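Engineer: First the structure, which I've put down as C-alpha cells, then a few questions once you've had a look.
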C-alpha cells in the first residue's frame, strides 16, 4: 500500500515537471532565445529516460535477483538474444547513401547506423504484426 502512494506521487511530480517544461516552451516560443526551450524539453526527456532506466534496473535486476536469482540468468539470455539481433541488423545494413540526397555529405558510420535502425524497425514492425495475427488465430481456435 505504501509503494502505491509513493509511485502515485512520483508519477504526479513527473507529470507536473513535463507539463511545466512544455508550457515554458510554448510561453517563451520554441525558436526564441537560441532554441533554449527545445533544449530544456530535451534535457527533461533525457532525465525521464534516465529515471526510467534506473527504475527498470532497480525493479528487474535488484528486486528480481533477490526474489528469484534464476531470473537473472533468463535476463542475461534475453540480453544476449537482443545483442545478436542488433548485431545481425548492423551487419546486414548496407550503409549506402540516400538516392537523390543533395545536402551535406553524411559519414559512412551515420549511414550504417541509420540503415541498422531502419532494419530493426522493419523487423520489430513485422514481428508485431505477426504476433497480432498469430494471437488472433490462436484465440479463434481456442474458442
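Residue numbers (our numbering): 678 to 820.
Built from N, CA and C at the ideal position, the CB exists for glycine as well.
Just so you know, these numbers come straight off a predicted model, no measurement behind them.
Do you know offhand how far residue 700's Cα is from residue 717's?
Structural biologist: Residue 700 sits at position 23 when you count from the first residue of the chain shown. Residue 717 sits at position 40 when you count from the first residue of the chain shown. Residue 700 and residue 717: Cα-Cα distance of roughly 11 Å.
Engineer: Anyone know if the C-beta pair for residue 755 and residue 748 falls short of 7 Å?
Structural biologist: On the chain shown, residue 755 is found 78 positions in, with the first residue counted as 1. On the chain shown, residue 748 is found 71 positions in, with the first residue counted as 1. In this structure, residue 748 does not lie closer than 7 Å to residue 755 by Cβ.
Engineer: I need the boundaries of the alpha helix (DSSP H) containing residue 749, first residue and last residue.
Structural biologist: For this step, residue 749 is matched to residue 72 along the chain shown. Note, residue 749: alpha helix (DSSP H), 747-769.
Engineer: Restricting to Cα atoms, I'd like to know which of 752, 697, 762, 732 is closest to residue 804.
Structural biologist: Residue 804 sits at position 127 when you count from the first residue of the chain shown. Considering only alpha carbons, the answer is 762.
Engineer: What's the gap between the Cα of residue 683 and the Cα of residue 739?
Structural biologist: Counted from its first residue, the chain shown places residue 683 at position 6. Counted from its first residue, the chain shown places residue 739 at position 62. Distance between the alpha carbons of residue 683 and residue 739: 19 Å.
Engineer: With the cut-off set at 7 Å, would you say residue 728 and residue 766 are in Cβ contact?
Structural biologist: Here residue 728 refers to the residue found at position 51 when the chain shown is read from its first residue. Here residue 766 refers to the residue found at position 89 when the chain shown is read from its first residue. In this structure, residue 766 does not lie closer than 7 Å to residue 728 by Cβ.
Engineer: Pop quiz: residue 725 and residue 691 are said to be a contact at Cβ under 8 Å. What is the actual Cβ separation, rounded to whole angstroms?
Structural biologist: As a working mapping, residue 725 is identified with position 48 in the chain shown. As a working mapping, residue 691 is identified with position 14 in the chain shown. The Cβ separation is near 7 Å, so the contact holds.
Engineer: Just verifying my parser: in three-state terms, what is the DSSP assignment at residue 795?
Structural biologist: By 1-based counting over the chain shown, the position of residue 795 is 118. Helix at residue 795.
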